[in-house]
Amino acid sequence: IQMPEPSKDGLTVTKNKLWSQNAGRTASGKMVGDLIGDKYKLEVNWILAKVSDVQTIDAAVSGTAFFTVKFKDPATNTYITRTFYAGDPRYPVHTYALDGGRYKGVTVSLIEQ
């Protein structure tokens, strides 16, 4: 599904470190463990969205546990495709009066599997 264009500054890419099961802090406060990989989190925001945009967003993130997302990796400036699941989408209603409605501050977090 081609998603509606996010708002300016509406996409934040976070690279989360994954640590081994034995990772943690020692009694002296030193971090120990092994870094085993990175996982991405995409936080997407639409400042003002039409009903049709919300329907597209909801169709993409609801009704299925996992889906693929193509996005640009900031570290390499190239497009990559990964498998994600969605957090709870947020659809704040701005008005129902304009052509069926508008939503203000629509957000969804996508977390790599």
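Numbering (this note's numbering), first residue to last: -3 to 109. Glycine included, C-beta positions come from ideal geometry on N, C-alpha and C.
DSSP bridge partner residues for Tyr75 (one or two, in chain order): Lys68
Simplified DSSP state of Ile(-3), which is helix, strand or coil: coil
Residue range of the unbroken alpha helix (DSSP H) whose run includes Thr52: 47 to 57
For Ile107, the residue or residues it bridges with in DSSP: Lys37, Tyr81
Neighbourhood of Tyr81 by C-beta distance below 8 Å, restricted to the same chain and skipping five residues each side: Ala61, Phe62, Phe63, Leu106, Ile107, Gln109
Leu94 in three-state terms, based on DSSP: coil
Rounded straight-line distance, which links the Cα of Ile43 to that of Ala55: 19 Å
Three-state class that DSSP yields for Phe63 in the structure shown: strand
Cα-Cα separation between Lys68 and Val40, rounded to whole angstroms: 13 Å
Rounded C-alpha distance that separates Asp30 from Ser16: 5 Å
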